[in-house]
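First comes the structure, then the notes that go with it.
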Amino acid sequence: MALDMLVVDDSPVTRKMVRRAIGLCGLEIGQVWEAGDGAEALSRLAEHRVDLVLADINMPVMNGMELVERMNADPDLSRIPVIIVATPISEQRIERLLDIGARAYLAKPFRPEALKDLVLEILGKGESHG
Amino acid sequence: MVDVTPELLTDILGTVLQDSAFMFVEPDQEPVEWSDKVFAASLAFESVRGGTLRLTMAVPAGVELAANMLGTETTDPEAEENGRAAVSEVLNVIGGAFVTRYFGAKVPSQLGLPQAMLASRPVSGRRTCAALVRTEAGDPVLLELDLE
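Here it is in structure tokens:
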């Protein structure tokens, strides 16, 4: 089944890069929506059903951490996995993101294969070994 | 905390340009003559010490960066339109790489939001350290660090 995704980043170039990586990674992709910050992301999520959110951290208006917290507090949105796609950050910040409900962290720049592996793992579609 | 040296900045700059946009660069020595306009971006950071990173790219280098990040050609109007945004984003990645390497991955650090503009000349600062590289086409790219 095709995956519908929401890409959240204040940089239009990065949103296009992530869309390109999604297209290259070999997953069956349906609709890919975009938002420029966390607040816009919540509006998109109110309008569209998605299977996965890929979000940056440092954004104006509402950053990625607040977006994760707001989604986790909403019963309708808490089921949607969020992968944080951001610049290298401290281990403490990664732990904090996972504590508040993000499912994974992927450091920029990343290879499309790394995104694919992470998505498959999170959605429980990874290859079984042994 | 490692020593901040031109070699450290050159390594971070070269690695990020290569990994983000398949741009291969060679270290060079200043002074550099900036012809025409430049893309100038700055990014503040807070950690054990605060400071600012500044990235200056010749316009053709910024357009090449955007084209490579978007998977298009430098002649594509989309590449030219996104040069400033591409320089801003690559400085964001450089900032993350810098704070985790300089202060360490276990030390809390905070990046600001990158600001980029098309300028007639590089924006000057106190400049603790700097690294100059050139793209394969010979266009200059300058990364400067101002530590507080």
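Residue numbers (the numbering used here), protein chains in the order written: chain P, 4 to 133; chain B, 45 to 192.
Quick reminder that beta carbons are idealized off the backbone N, C-alpha and C, glycines included.
- Just so you know, the alpha carbons of Q34(P) and P184(B) end up roughly 40 angstroms apart.
- Between R145(B) and F83(B), the C-beta gap is not smaller than 8 angstroms, which leaves the two residues out of contact.
- Annotation for P184(B): the continuous beta strand (DSSP E) segment containing it runs P184 to L191.
- DSSP links I87(P) through a beta bridge to A58(P) and Y108(P).
- For D77(P) against V11(P), the beta-carbon gap comes to about 15 angstroms, at or over 8 angstroms, which does not count as contact.
- Not flagged as an interface residue toward chain B: I86(P), since no C-beta distance is shorter than 8 angstroms.
- Taking every protein chain shown into account, the CB of E31(P) has fewer than 16 other CB atoms within 10 angstroms, so this residue is exposed.
- The Cβ atoms of V131(B) and G169(B) lie no closer than 8 angstroms to each other.
- Note that the region 163-179 of chain B touches the region 57-71 of chain B; at least 3 beta-carbon pairs, one per stretch, sit closer than 8 angstroms.
- Proximity of chain B to K111(P) at the Cβ level (cut-off 7 angstroms) is accounted for by V137, in chain order.
- Between the beta-carbon of L187(B) and that of L99(B) there is about 5 angstroms, and that keeps the pair under the 8 angstroms contact cut.
- Assignment of beta-bridge partners to C173(B) by DSSP yields L189(B).
- Counting only runs that start and end inside the region 78-164 of chain B, the alpha helix (DSSP H) elements of at least 4 residues fall at 103-114, 121-125 and 127-146.
- In the DSSP assignment, L6(P) is bridged to I32(P).
- When 8 angstroms is used as the limit between beta carbons, E94(P) is near these residues of chain B: A149 and K150, in chain order.
- Residues G41 of the same chain have their beta carbon placed closer than 6 angstroms to that of E69(P), with the five preceding and five following residues left out of the count.
- Within the region 52-82 of chain P, the residues whose Cβ lies closer than 7 angstroms to some Cβ of chain B are N61 and P63, listed in chain order.
- In the displayed model, R178(B) falls within a strand according to three-state DSSP.
- Proximity of chain B to S46(P) at the Cβ level (cut-off 7 angstroms) is not reached, the minimal Cβ distance being about 21 angstroms.
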